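Line by line, the protein sequences give chains A and B. One gets the working numbering by counting positions in the first sequence from 1 and adding 16 to each. One gets the working numbering by counting positions in the second sequence from 1 and adding 2 to each. This report concerns only the one structure given below.
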Amino acid sequence: MEAYFVAIAIIVAIYTLLALGLNLQYGLTGLINFGHVGFMCVGAYTAALLAEQGWPAPLSFLAAAILAALAAYPLGLVSLKLRDDYFAIVSLGFSEVVRIVVTSERWLTNGVQGIPGIPKLMGFTGSGLVQASAVLLLLIAVNIVVILVMRRIVHSPFGRIIEAIRDNEDAVKALGKEPVGFKVRVLMLGAALAGIAGAFYAHYIGYVAPDQFIPLITFQIWMAIIMGGVGRVSGALVGTVILMAFLEGSRFLRDVVPFISEVEMASVRLGVVGLALILFTLYRPQGLMGDFTRR
Amino acid sequence: MILAIESLSKAFGGLRVVDDVSLTVPDGGLVGVIGPNGAGKSTLFSLVTGFVAADSGDVTLDGRSVATLPASGRARAGMVRTFQVPREFAHLTVRENLMAAAPEQSGERLFDLFFHPAAVRAQEEGVRRQATDIIEFLRLTAVADTPAGRLSGGQKKLLELGRALMTGARLILLDEPFAGVNPLLIEEISQRIRELNGRGIGFLIIEHDLGALTRLVATLHAMDRGCLIATGTPDAVLSNPRVREAYLGGAA
């Protein structure tokens, strides 16, 4: 049972990193990024391929963050000059392009079979529960650092401007500031976080394959920040916990509710999360950590 | 002369919304533009401030053409507009709205934010003091820490004026500063504009409320169907038969 909880906690921590990035982009800046998983994919494959080459983890994680951020740069430059809703479409398209590229470029990524045998992180601590707990502690430490950085950004002139961009972009221009530069930086920062999350994910699962990086992941992160509270740093964490509670909790429904097969269960889980999302938007649209108006 | 608009034109489809309009604002001037709905006043503002690209014509600020600059560049050059429907940063407080407008903040650069925190903090204190001064000047102290989305219409107009002041603009273009504002506050806003004008800030003001505007400005321009039809002192413009006809909707 401990192993199960550590496993869930690791996934929560990885998702929290993704949610913190998306919260910076959407919650604070108003960027509708439907392609978050694409940056996670870039990070995961970067870490996997570099681990295969024998790079030490700190270096390959850094490379994963940088490559994911660089992938965001041209995307941002091209589409952030367009209207918000176009960016949503372009970003969704981007993540699908990334997935198709890693599927097709077999010489590099081994196609649909993916890359197996990615070594576990923190292997020097031993194996089994000890090693998993060490990974969890490392992830918690990374999350704490990221949350501190986010709080610093939120309570700064930079944070003020990105929130102003979210509230009214034309007014920001009218005051002599160019929103595009801020949006590109926010997009790259969020992508770097997704890249790090992807690297953790690759090492934790032990292999990467294209079907792990479907748009569903992006929308699960969206559900998390909507339920947790858009624009709140704490909302990213709380929302991820709620999401995982519903996803994993509904797994146990099978013990209580009869006549549900293994296959049907997958649909039921999504249904439960969908219902939760509807109830949240109906009864607590500002999310659990609430109050969209205050930080 | 701080602002010169030369033969500015813009057509949407076949409709000439602004048709060969030229006007100037002298240094420290207080100039008004009137005209019935659809006369092209707000479009003229958007052309001048770079929010809409002009078909032809030129805009010079302090004798330098700004026609090729984007909206943000024109604002940095010293010319800041407000909007007919106020565009407050609804989730930021009044104080934060003003502070966001301060130019050249090192804390807007992520590198400085994390590697020169002391310099960022020092500058932030200065910006905060400046915002407090402007909030007091505009009599917004009571709502200084209220999210701007909760302000009344008139308070939002004052907020936009305050943000323009924070940028250090030398010319402020006000788009209907009295629209949707209660009569008491109209006099209040007029008084603030006079005081600022006394300090040398130029104003170009679009307004429907002819009474309040004519009491405020020295020079008035009248527009109708995209064209400038009269220029002069407020009394002269208001008694001009073409202006009366445009407003009363007489047969053209």
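Glycine residues also receive a C-beta, built at the ideal position from the N, C-alpha and C atoms. Predicted, not measured: the structure shown is a model, and the values here were computed from it.
Quick check: residue 57 (chain A) and residue 122 (chain A), are their CB atoms within less than 8 Å of each other?
The residue labelled residue 57 (chain A) in the question sits at position 41 within the first sequence. The residue labelled residue 122 (chain A) in the question sits at position 106 within the first sequence. Against a cut-off of 8 Å, the Cβ pair of residue 122 (chain A) and residue 57 (chain A) comes out as no contact.
How is the alpha helix (DSSP H) around residue 97 (chain A) delimited, first residue to last?
Within the first sequence, residue 97 (chain A) is the residue found at index 81, counting from 1. Premise fails: residue 97 (chain A) is in no alpha helix (DSSP H) and is neither H nor E.
When burial is assigned at 16 or more other CB atoms within 10 Å of the CB, is residue 220 (chain A) buried or exposed?
Translated into positions along the first sequence, residue 220 (chain A) becomes position 204. So residue 220 (chain A) ends up on the buried side.
Taking C-beta pairs closer than 9 Å, name the residues in chain B that residue 199 (chain A) reaches, listed in chain order.
If you number the first sequence from 1, residue 199 (chain A) lands on position 183. Near residue 199 (chain A) there are no residues of chain B at all, since even the closest Cβ is about 13 Å away, more than 9 Å.
Exposed or buried, residue 199 (chain A), counting other C-beta atoms within 10 Å across all chains shown (16 or more means buried)?
Working through the first sequence from its first residue, we reach residue 199 (chain A) at position 183. By the 10 Å Cβ count, residue 199 (chain A) comes out buried.
Cut-off 8 Å between Cβ atoms - residues of its own chain near residue 309 (chain A), not counting five sequence neighbours on either side
Numbered from 1 along the first sequence, position 293 holds the residue referred to as residue 309 (chain A). Residue confidence is low: residue 309 (chain A) scores 47 on pLDDT, short of 50, so the model does not pin down where it sits. No coordinate-derived value is stated.
Does residue 57 (chain B) come out as helix, strand or coil in the three-state DSSP assignment?
Within the second sequence, numbered from 1, the residue matching residue 57 (chain B) stands at position 55. Looking at residue 57 (chain B) - three-state DSSP - the assignment turns out to be coil, as it is neither helix nor strand.
Which residues in chain A have a C-beta closer than 9 Å to the C-beta of residue 110 (chain B)? List them in chain order.
Looking up residue 110 (chain B) in the second sequence gives position 108. In chain order: 172, 173, 174, 176, 177, 193 and 198.
Can you tell me the Cα-Cα spacing of residue 25 (chain A) and residue 33 (chain A), whole angstroms?
Along the first sequence, read from residue 1 onward, the residue named residue 25 (chain A) stands at position 9. Along the first sequence, read from residue 1 onward, the residue named residue 33 (chain A) stands at position 17. So the alpha carbons of these two residues sit roughly 12 Å apart.
Going by CA-CA distance only, name the one from B:52, B:59, B:28 and B:53 that's closest to residue 9 (chain B).
The residue given as residue 9 (chain B) occupies position 7 in the second sequence. Ranking B:52, B:59, B:28 and B:53 by Cα distance to residue 9 (chain B) puts B:59 first.
CB residue 1 (chain B) to CB residue 202 (chain B), shorter than 8 Å?
Not covered by the structure: residue 1 (chain B). The range shown for chain B is 3 to 254.
Should residue 254 (chain B) be labelled buried (16 or more other beta-carbon atoms within 10 Å of its own) or exposed?
Locating residue 254 (chain B) in the second sequence gives position 252, counting from the first residue. Reliability of the predicted coordinates at residue 254 (chain B) is poor, the pLDDT of 45 falling under 50, and the value obtained from them is presented with this limitation in mind. Classification for residue 254 (chain B): exposed.
Cβ-based contacts, 9 Å cut-off: residues of the stretch 162-184 of chain B near chain A
162, 165, 166, 168, 169 and 171
What residue from A:52, A:139, A:243 and A:150 has the CA that sits closest to residue 106 (chain A)'s CA?
If you number the first sequence from 1, residue 106 (chain A) lands on position 90. Per the Cα distances, A:52.
Nearest to residue 7 (chain B) (by Cα), restricted to the options B:38, B:46, B:16 and B:18
Translated into positions along the second sequence, residue 7 (chain B) becomes position 5. Answer by Cα proximity: B:46.
What alpha helix (DSSP H) runs, 4 residues minimum, are completely inside the stretch 218-277 of chain A?
231-244, 249-265 and 269-272
8 Å is my cut-off, CB to CB: does residue 285 (chain A) come that close to chain B?
Here the question's residue 285 (chain A) lines up with position 269 in the first sequence. Taking Cβ atoms only, chain B never reaches closer than 8 Å to residue 285 (chain A), which makes this a no.
For residue 45 (chain B), the three-state DSSP class (helix, strand or coil):
Taking the second sequence and counting its residues from 1, one reaches residue 45 (chain B) at position 43. Helix, per DSSP.
Between the beta-carbon of residue 49 (chain A) and the beta-carbon of residue 192 (chain A), is there less than 8 Å?
As a first step, residue 49 (chain A) must be located in the first sequence, where it is residue number 33. As a first step, residue 192 (chain A) must be located in the first sequence, where it is residue number 176. No, these two residues do not count as a Cβ contact at 8 Å.
For residue 5 (chain B), the three-state DSSP class (helix, strand or coil):
Here the question's residue 5 (chain B) lines up with position 3 in the second sequence. Correct three-state label for residue 5 (chain B): strand.
Does any residue of chain A have a CB that is nearer than 8 Å to the CB of residue 253 (chain B)?
As a working mapping, residue 253 (chain B) is identified with position 251 in the second sequence. Because residue 253 (chain B) sits at a pLDDT of 48, beneath the cut-off of 50, its placement in the model cannot be relied upon, and the point is left open.
On a Cα-Cα basis, can you pick out the residue from B:124, B:190 and B:228 that is closest to residue 141 (chain B)?
Within the second sequence, numbered from 1, the residue matching residue 141 (chain B) stands at position 139. Ranking the options by Cα distance to residue 141 (chain B), first place goes to B:190.
With distance defined between alpha-carbon atoms, name the residue in A:127, A:171 and A:167 nearest to residue 223 (chain A).
If you number the first sequence from 1, residue 223 (chain A) lands on position 207. The candidate whose alpha carbon is nearest that of residue 223 (chain A) is A:127.
Would you list, in sequence order, the uninterrupted alpha helix (DSSP H) runs of no fewer than 4 residues that lie entirely inside the stretch 174-213 of chain B?
185-200
Going by beta-carbon coordinates alone, are residue 82 (chain B) and residue 190 (chain A) separated by less than 8 Å?
Position 80 of the second sequence, counted from the start, is the residue given in the question as residue 82 (chain B). Position 174 of the first sequence, counted from the start, is the residue given in the question as residue 190 (chain A). One thing to note: residue 82 (chain B) has its Cβ within 8 Å of the Cβ of residue 190 (chain A).
Can you give me the Cβ contacts of residue 29 (chain A) inside the same chain, cut-off strictly under 7 Å, excluding the 5 residues immediately before and after it?
Within the first sequence, the letter at position 13 stands for residue 29 (chain A). So the list reads 152, 155, 156 and 159, once near-sequence residues are dropped.
Distance cut-off 7 Å: residue 155 (chain A) Cβ against heavy atoms of the ligand HEM
For the ligand HEM, the structure offers nothing, since it holds no ligand at all.
For the alpha helix (DSSP H) containing residue 166 (chain A), list its first residue and its last residue.
Counted from its first residue, the first sequence places residue 166 (chain A) at position 150. 144-170 is the extent of the alpha helix (DSSP H) around residue 166 (chain A).
Residue environment, residue 276 (chain A), which counts as buried when at least 16 other CB atoms sit within 10 Å
Within the first sequence, the letter at position 260 stands for residue 276 (chain A). Looking at its Cβ environment, which holds fewer than 16 other Cβ atoms inside 10 Å, residue 276 (chain A) is exposed.
Along chain A, which residues have their Cβ under 8 Å away from the Cβ of residue 247 (chain B)?
Against the second sequence, residue 247 (chain B) aligns to sequence position 245. By Cβ distance, chain A contributes nothing, its closest Cβ being about 34 Å from residue 247 (chain B), past 8 Å.
Please name the residues in the stretch 40-51 of chain B whose beta-carbon is closer than 8 Å to at least one beta-carbon of chain A, in chain order.
51
Measure how close the beta-carbons of residue 84 (chain A) and residue 103 (chain A) come, nearest whole angstrom, since I'm counting them as under 8 Å.
Here residue 84 (chain A) is taken as the residue at index 68 of the first sequence, counted from 1. Here residue 103 (chain A) is taken as the residue at index 87 of the first sequence, counted from 1. Actually they do not touch by this definition, with Cβ atoms about 17 Å apart.
Separation of residue 139 (chain A) from residue 77 (chain A), as counted between CA atoms:
By 1-based counting over the first sequence, the position of residue 77 (chain A) is 61. By 1-based counting over the first sequence, the position of residue 139 (chain A) is 123. Their Cα atoms are separated by approximately 16 Å.
Counting only C-beta atoms, is residue 107 (chain B) closer than 8 Å to chain A at any point?
Taking the first residue of the second sequence as position 1, residue 107 (chain B) is located at position 105. Closer than 8 Å to some Cβ of chain A, the Cβ of residue 107 (chain B) qualifies, so yes.
Output, in chain order, the set of chain B residues within a Cβ distance shorter than 9 Å of residue 186 (chain A).
Stepping through the first sequence from its first residue, residue 186 (chain A) is reached at position 170. Per Cβ cutoff of 9 Å: 53, 73, 85 and 89.
So, at 7 Å on beta carbons, what are the nonlocal neighbours of residue 169 (chain B) in its own chain, with the 5 sequence-adjacent residues on each side left out?
Sequence index remark: in the second sequence, residue 169 (chain B) carries index 167 (1-based). Around residue 169 (chain B): 77, 82, 103 and 105.
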